[in-house]
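Data block below; observations after.
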Amino acid sequence: MSHLHIYENPLDASTIIVEKTDNVLKRFLEVKVKFPQARIYKNVPCTENDVTPVDKVTALKLLDAGSEDQFHIVCHAGEPITIAYAIIAVIAIATAVYVYTNMPSLKNDSSSTGSPNNKLSDRENQQRIGQRVADIFGKRKSIPDLIAPSYRIFQDNLEVEESFMCIGRGFYEIDPNTIKEGDTIASTISGSSYSIYEPSQNITASPQLQHGASFNTPPLVTRKCNAVNGQTFVPPFQSKAQDDDIYFKYPNQIKAVDSWTREQFTERFVVGQEISIQGANWGQADIAGNGSATVDATLNTISIVMSEVSNAESYQRINILTYVVNDPINGPLDLSGTYDIESISYAMGAYTIKLIDPASTNSNFSQITENLTATLSGLLINSTVGLNLDGTYVISGIDGSSETISLVDPGAINSSWNDLQYEPNGETEPYTKYIYLRSSQNNWIGWYSVDFAKATGILLNFVAPNGITRGSEDKHVEVTVEYQQVVNGSATGPIYSETVMLHGIDGSRSQIAKTLRIDMPFTGAFRFRAKRITDNGDHADLSDDTKFYLAYAFYESDKLIYDDVTLARVRTVATQQATGAQSREFNLIAHRKLYSYQSGEKSVDRMATSNFADIVCAMTTDEKIGRRDINTLDVVSLYAVADEINTYFGIPIEFNYTFDDAKMSYEEALATVANAVFCDARRESNQVFFVFEQPRDIPTLLFNHRNKKPESEKRSVSFGVNKDFDGVKIKWHNPADSWSETEIKLPNDNVINAKSLEISGITNEAQAKLLAYRALNKLKHKKRSVEFSAYHEADLVTRNDLILIADDTRPMLVSSGSVIEQDGLYLTLSQPCVLDENETYIIHLQLPNSQVDVIQLSQGSHEREVLLARAPTSQLVVEYEGNISCSTYLVTTDTHSKRDLFLITEKSGGGGESSITAINYTDQYYLNDKDYV
């Protein structure tokens, strides 16, 4: 793997990232997306080692980087962008296969904070911002949602995590033995604490359930500062290396002659550290010039008023930092830049500097139309008399073979480094000066900004994972923190300071950790930084590495009572049991407590229930779901149907489900419940009721040519099982197996193309099998299907209704139509009805009460008259004077009485016209209904 150093800000050591990667090109392109001016250097960062790709060939060289190569990415290189984006795209696409199949995960070494076996893993409970609060009905496994992000602090050197969660709306019966972290019962984890609060309970007072220590302070709402991720504090060391054999080489190297001095380089300095050079000065330094200056574009001169200095004529270049003149024709002209000097002369309190071809450095020189005067600020540089390399720089690399220290672009900090190229061999001579190399006292980590409008405080975590000791002697590390308010993106007001001390334990390498809580004197955005101010030396037996582990902005929640939700507060301590847990997902079994209306009145107390009648009543009256009065339900019928279903199947039929889709309507929720309990939800006269699907003989409605759209009917016949499916499958949640999702396949597990049943709320294997068998039997015994469009009468039926359909696709077996007249038991029909005296016939009459009456009949005095064996159960509506709602009929032989019975599977439309799809009815659909009786 290649070594990669990324310098986001070369002047801030805490922003330097050290990585290993198998794909330097891909990593560079990722950085360049965020920092367009980024450039990459191989081994020692300097101009001749710039390997920033400019075409496909140079890019592929990066792709083939060797495992021992070192690369440095400077994010703000300040040079023109030379990569064509089109070329980058081609390269990225060409290498995509290699990248995704070979590139390992990139990890920041600075984030390491000791063995993960000794830390708490990340909490798996999640925030669901903007989503529906969980509505648990029945009995379900609950994985509570985080109300605010979890945060971590240290108490007695142990990591402690606190979480604030929502279980769901309403009240619940909760068994403490079902409260777990992953699969481990929470109460068995040493140091763990939790409290469960019912709606309207104060979350700092007595809870519904409690284990461990109580929670008597308001929860903290935190925002994590991701910039703090385990950086190691650099100690404020004193003199690190000093001798007269130290010398410097262009463009950025510190070297030494003697091996003892070179060994100090590798033993006492680290990459990313700031280093201060003192004593590296020879001769004359750069001269700052500030004053009124006149430019003459004709003579290429600049005259600047300033005091006379020695050896001014020795300077070969001028670096003009600011110099803006106002030309009468071309307006303001910025003349900043670094110009070569032809000559320098001094007279009457001003230096006249003649430049060499200044327009080639800055084209604005050619725009000057007359002599112009303005204030100039700049530096005379590159004196032939002297050299001064003193300053504070950042270490970019330390070569282990030659013990050379490389710096990050020192010429950008001190231009004298650029003058080194004019020295013999581009280097200074050793043994001419006594040089001091010291670690800079500026070892801050930060500034880091946190934009959190409600923040009132800061939580800062510091940890020494291997203790703070020297041999058997305890040591300490003191860290100071500074913070300042930020207003509209700018640091404002005084800088406040706090300190924290980490004390080691005699002879112990156990973790030492501490949390600093700061309550700020202001509210809102802020910035902060921290540095170590204790230096324990460089001893071989010293262990005191201290890391900046985590940082949060926070405020205390002022809401202590929640009216409609059950809440949980959880505290986890990083004990051996807690850190060894495979999963840190706080979960429990919650059984919703609801009012019952089974007596006809609302019960006095709530009770834990999975009865779908209780659930439908609760959803209907819920202010966020149904928002309806209980009188919109047929309550008596609802509970009667629930009891009938349980008796029919011989097992409790329950509904256990969590509604969490904010877009689900009340009607969709009712349909979800009904689908799981073998019912259909209906509404009639603005009252909702449930209809249980079970074997039956009497159809709900009769359809013939009088209420079907002409020529809309299509029939089909099939033999055997539908060729698209060879079985069915249904998923349910198994309480005996940690409520995991389990699948049932019928008729056996060998089915290949099973029809998937989308049914929610099933937590009982028997109930799941009954639903699956019904679906399977409909696949097996569905022989005929019919589709047609119907008129207004179709509004009276829905899915799973039993209907009678006259076959209008072929000549009628007997007769169908409408009743014209009734005279006692004699009926006059709209269509001829000729009966064979050797056959037994029945007539199916549509009654006004939405029922169909089936009566035996015989021939009357003519072909349109029949005689009923008994009186209809309801008065018929006969057809005369344009009555379009008259009673319809269907006459069949007694042996074909069930041939035209169908079960509706789909219905769409409504009002004037509906589309209906139905399958033949047979009691065989319900063959397995009594499997558990």
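Heads up: the sequence shown runs through residues 20 to 952, numbered per this note's numbering.
Each residue gets a CB set at the ideal place from its N, CA and C atoms; glycine is no exception.
With respect to ALA773, ILE781 sits apart: the two C-beta atoms are not nearer than 8 Å.
Bounds of the alpha helix (DSSP H) holding ASP438 are 435 to 438.
Here the C-alpha atom of CYS94 lies approximately 27 Å from the C-alpha atom of GLN503.
According to the DSSP secondary-structure assignment, PHE90 is paired through a beta bridge with LEU23, LYS61.
In chain order, PHE668, GLY669, ILE670, ALA785 place their CB closer than 7 Å to the CB of TYR951, counting only its own chain and leaving out the 5 sequence neighbours on each side. In the three-state reduction of the DSSP assignment, LYS788 falls in the helix class, which pools H, G and I. Here MET638 carries a helix assignment [DSSP, helix/strand/coil].
LEU886 is not a Cβ neighbour of PRO718, given a cutoff of 8 Å.
CA-to-CA, the gap between LYS748 and TYR945 works out to about 17 Å.
With contacts defined as CB atoms closer than 8 Å, SER396 and THR341 qualify as a contacting pair. Between LEU848 and ARG883, the gap from beta carbon to beta carbon is short of 8 Å.
PRO443 is classed as exposed because its beta carbon has fewer than 16 other beta carbons within 10 Å across all chains shown. Across the structure, THR499 and ASN235 are spaced so that their CA atoms are roughly 30 Å apart.
Look at TRP466 here: in three-state DSSP terms it is strand. Straight-line measurement puts the Cα of MET20 at about 42 Å from the Cα of THR380. With fewer than 16 other beta carbons inside 10 angstroms of its own, ASN650 counts as exposed. For ALA661, no beta strand (DSSP E) segment is defined; the enclosing uninterrupted segment is the alpha helix (DSSP H) at 654 to 668. The beta carbon of LEU689 is closer than 6 Å to those of ALA700 in its chain, skipping five residues each way along the sequence. Rounded to the nearest whole angstrom, the C-alpha separation of ASN783 and TYR616 is 25 Å. Pairwise C-beta distances place the segment 179 to 198 out of contact with the segment 538 to 554, as fewer than three of them are shorter than 8 Å. The beta carbon of VAL404 sits closer than 8 Å to those of GLY302, GLN303, ASN330, SER333, all from its chain and outside the five residues before and after it, given in chain order. The Cβ atoms of TYR574 and THR677 do not sit closer than 8 Å to each other. Partner residues in the beta bridge of LEU922, as assigned by DSSP, are LEU821, ILE938. Note on geometry: alpha-carbon atoms of ALA232 and TRP463 lie some 38 Å from one another. With contacts defined by Cβ atoms closer than 8 Å, VAL290 and SER415 form a contacting pair. In this structure, GLN386 is the residue among ASN349, ARG281, GLN386 with its C-alpha nearest to the C-alpha of ASN319. Its Cα nearest to that of PRO55, the residue ILE92 stands out among LYS80, ILE92, TYR191, ASN42. Going by beta carbons, VAL654 and CYS636 fall inside the 8 Å limit.
Look at LYS682 here: in three-state DSSP terms it is coil, with no helix or strand label. Its chain contains GLN617, ALA632 as the residues whose beta carbon lies nearer than 7 Å to that of TYR658, once the 5 sequence neighbours on both sides are disregarded; these appear in chain order.
Counted as a single uninterrupted DSSP element, the alpha helix (DSSP H) harbouring THR280 occupies residues 278 to 287.
The DSSP-derived three-state label of ARG590 is strand. The beta-carbon separation of LYS802 and SER737, rounded to 6 Å, stays under the 8 Å limit for a contact. For the pair of segments examined, the segment 141 to 151 was found not to touch the segment 751 to 770: the number of CB pairs separated by less than 8 Å stays below three.
In the structure shown, the three-state DSSP call for ARG702 is strand. In the DSSP assignment, ARG159 falls within the unbroken beta strand (DSSP E) covering 158 to 161.
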